[in-house]
Amino acid sequence: MRCRLPRPLHAALTASAALLLAAPCTAPPARAAGAPPLRVVTYNICGNMCSAAPYDDDRRIDSVVAQADPAGWNADQLFLQEVCEPQYDEILARLAPQGFRGHYGPTLSGLPQVCGGHPYGNAVLVRGPVSATADLDLTVGGESEPIRVPCVRNALHGLTNWACSVHLYWDDGTRGAPEARRLAAQAGAWRDQGLPVLLAGDFNHSPGTASTEPFYSAGFAEADPDDHPTWNDKKLDYVFFGYPDLTRREAEVLPLDPAVSDHRMLRAVGLRG
Numbered sequence: 000m001r002c003r004l005p006r007p008l009h010a011a012l013t014a015s016a017a018l019l020l021a022a023p024c025t026a027p028p029a030r031a032a033g034a035p036p037l038r039v040v041t042y043n044i045c046g047n048m049c050s051a052a053p054y055d056d057d058r059r060i061d062s063v064v065a066q067a068d069p070a071g072w073n074a075d076q077l078f079l080q081e082v083c084e085p086q087y088d089e090i091l092a093r094l095a096p097q098g099f100r101g102h103y104g105p106t107l108s109g110l111p112q113v114c115g116g117h118p119y120g121n122a123v124l125v126r127g128p129v130s131a132t133a134d135l136d137l138t139v140g141g142e143s144e145p146i147r148v149p150c151v152r153n154a155l156h157g158l159t160n161w162a163c164s165v166h167l168y169w170d171d172g173t174r175g176a177p178e179a180r181r182l183a184a185q186a187g188a189w190r191d192q193g194l195p196v197l198l199a200g201d202f203n204h205s206p207g208t209a210s211t212e213p214f215y216s217a218g219f220a221e222a223d224p225d226d227h228p229t230w231n232d233k234k235l236d237y238v239f240f241g242y243p244d245l246t247r248r249e250a251e252v253l254p255l256d257p258a259v260s261d262h263r264m265l266r267a268v269g270l271r272g
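Here you go:
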C-alpha cells in the first residue's frame, strides 16, 4: 500500500536512569519546516508462536534490522511485540553501531514451551540518547500472562519524548478496555508534564472499540486512520502520535511476509511544525 494522508494515572510504573545499550516508503515525505520527520515501525514479529517452517528467524531479524537502514526506511524508533529475548539481543547488537539503544520488557520467563525457556515479551529500540526507561504494568487480573509495556525516554531531533511498545490483551475487551484506559492515563500524565508520547504496537482490538477509544479521546493522532488490516482481515496494530505540534502524519501497511510473522508491518511518519 502506498503512503496515505490521515483522516489518570493508575498503571504501575518503574523507571531507571540506567541506559540499556542498545524498504523504503513509496514516496518519502518532505521535511517539515523546522523539524525532521519522525519515522517509526511497529511489528508484532510472532517470535514464539511462529517458529516452525515456513517461518525463518534469520529472515525475521533481518527484516527488522533493515528498517533502520539510512538508504531505506531509515527508522528512528522500532516497536516490537511477541519477542524472544535472544531475538531482541541480536537485533540490538546489529543496530547499536547505528546509535540505537533499547529496552526489553519480558512478560513470561522460564517456560520451556515459550521461547525455549528464554524470556518472552515486547521491546522498543530508538536512535539516540535514552535518559530513562519505564515498565508499565497494565494487568487488571484474569489475563493469561501479565500485560506490560516497555517505554523509553528518548532525545530525538531536538525533542525528548516517551516511546512505548504496546501489546494489549487479546479478549472481548473486558480486560483490554481497562488496560487501555490505564495506558492512556499514564501517557496523558507525561503529556501534561510537557513530554510528547508515541504509543505503537499490537492493541489487539479494532478501531472504535472500548480498547482503542481512550487514545482517540485523549487527543492522540492515529497515523493510519483507515481500516487497513494488519492481522488477517482485522486492523489490530496502531501508531498513535501524542505531539502538540504534529502537522501531518502518513502510514503504510506492508504486505504480509509469511516467513516472518502472521502480522503485517506498519510504518508511519510524523511531521512537526
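Residue numbers (numbering that gives the first Met the number 0): 0 to 272. Backbone N, C-alpha and C fix where the C-beta goes; we use that ideal spot for every residue, glycine too.
CA-to-CA distance, residue j to residue i, given in whole angstroms
i	j	result
Ser260	His156	31 Å
Arg152	Glu142	28 Å
Val129	Thr211	28 Å
Gly272	Phe99	25 Å
Glu43	His227	First, the amino acid is wrong: residue 43 is Asn here, not Glu. Near 16 Å, if we compare the C-alpha coordinates of His227 and Asn43.
Asp232	Gln97	35 Å
Gly127	Arg93	15 Å
Leu253	Ile146	26 Å
Pro35	His117	38 Å
Asp136	His102	15 Å
Leu194	Gly71	29 Å
Asp285	Val39	Since the first and last residues shown for the chain are 0 and 272, residue 285 lies out of range.
Pro206	Ala176	12 Å
Asp61	Trp189	33 Å
Pro243	Gly140	34 Å
Glu251	Gln66	13 Å
Under 8 Å between C-beta atoms of residue i and residue j
i	j	result
Asn160	Leu198	no
Ala179	Pro149	no
Gly269	Leu37	yes
Arg263	Leu255	yes
Val165	Gly218	no
Leu235	Phe202	yes
Leu265	Thr229	yes
Asp55	Ala258	yes
Gly104	Asp68	no
For residue i, the three-state DSSP class (helix, strand or coil)
i	result
Ala31	Any reading at Ala31 must be qualified, since the residue scores a pLDDT of 39, below 50, and its modelled position is unreliable; the value itself is stated next. Three-state result, Ala31: strand.
Arg174	coil
Ala199	strand
Ala217	coil
Ala70	coil
Val165	strand
Val252	strand
Arg266	strand
Val123	strand
Tyr87	helix
Cys114	helix
Ser210	coil
Asp61	helix
Gln76	strand
Ala222	coil
Chain D within 8 Å of residue i, Cβ atoms only
i	result
Ser164	Included in the structure is just one protein chain, with no chain D present.
Exercise. Within the chosen definition, does the stretch 77-89 reach the stretch 102-116 through at least 3 CB pairs nearer than 8 Å?
Worked result: Contact annotation: the stretch 77-89 touches the stretch 102-116, with at least three C-beta pairs closer than 8 Å.
Exercise. Would the stretch 109-128 and the stretch 38-47 be scored as touching if the rule is three or more Cβ pairs under 8 Å?
Worked result: yes
Exercise. Using 8 Å as the threshold, is the stretch 214-224 in touch with the stretch 237-249, meaning 3 or more CB pairs across them?
Worked result: yes
Problem set entry | Cβ contact (3+ pairs, closer than 8 Å) linking the stretch 66-80 and the stretch 121-136 | yes
Exercise. Counting pairs of Cβ atoms below 8 Å between the stretch 166-183 and the stretch 86-98, do you hit three or more?
Worked result: no
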